[in-house]
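These notes concern the structure reproduced below.
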Amino acid sequence: MIRRVGHAPRADRNYTLRPGAYAILPIQGRVLLTAQISDVVDIQLPGGGIDPGESTVQALHREVMEETGWRISAPRRLGAFRRFVFMPEYGIWAEKLCHIYDARPVRQLSAPSEPDHETRIMTPKDAVKSVGNDGDRLFLKRYFS
């Protein structure tokens, strides 16, 4: 059973399954994150959706590069969680199945290529306080405890 984090699904909504891969990236006693900038700043674990035909680890490498500009190595699966949310960029209600990994940031090759994303490096304590969803918070707390 994969733990649900956040709101329960609503009976009056149809949800589209959206699997994704996300990374905890420890770097020199801190953690590398992404900030999605819009009307508000949303701090997140770098990662995102798994494209058709793509493995979870392939998606993890691609998404971390797009959102942070960093190459990673040695990904190791930590677990997964589900959350039910509206995704305005796609206009859908989604059941996000979030596979969480830890990996080693190797080097930054570029700025993020994903529009409206910025790289952030924070202390674990600040990261736990700043991330925008309870699933990311849960895995960061576990990882750094």
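Positions 202 to 346 (our numbering) are the ones given, in order, by the sequence shown.
Cβ coordinates follow ideal geometry from the N, Cα and C atoms, glycine included.
Taken atom to atom, the span from the alpha-carbon of residue 259 to that of residue 214 is near 31 Å. A contact between stretches requires three or more CB pairs, one per stretch, nearer than 8 Å, and the region 326 to 339 fails this requirement with the region 249 to 263.
With contacts defined by Cβ atoms closer than 9 Å, residue 300 and residue 222 form a contacting pair. Rounded to whole angstroms, residue 236 and residue 212 show a C-alpha spacing of 32 Å.
Distance between residue 282 and residue 217, taken at the CA atoms: about 16 Å. Here residue 292 is exposed: its Cβ has fewer than 16 other Cβ atoms, across all protein chains shown, within 10 Å. Here the region 222 to 231 lies against the region 260 to 272, with 3 or more beta-carbon pairs under 8 Å apart. Between the alpha carbons of residue 279 and residue 288 lies a gap of roughly 25 Å. For the 9 Å CB-CB criterion, residue 234 and residue 320 form a contact.
If you check the CB distance, residue 269 and residue 313 come in under 9 Å.
Annotation: residue 254 is outside any beta strand (DSSP E) and is labelled neither H nor E by DSSP. Here the alpha carbons of residue 209 and residue 272 stand approximately 35 Å from one another. Looking at the backbone, the Cα of residue 231 and that of residue 323 are separated by about 5 Å. Measuring C-alpha to C-alpha distances from residue 337 to each of 241, 303 and 274 identifies 303 as the nearest. Residue burial annotation: residue 204 is exposed, with fewer than 16 other C-beta atoms found within 10 angstroms of its C-beta.
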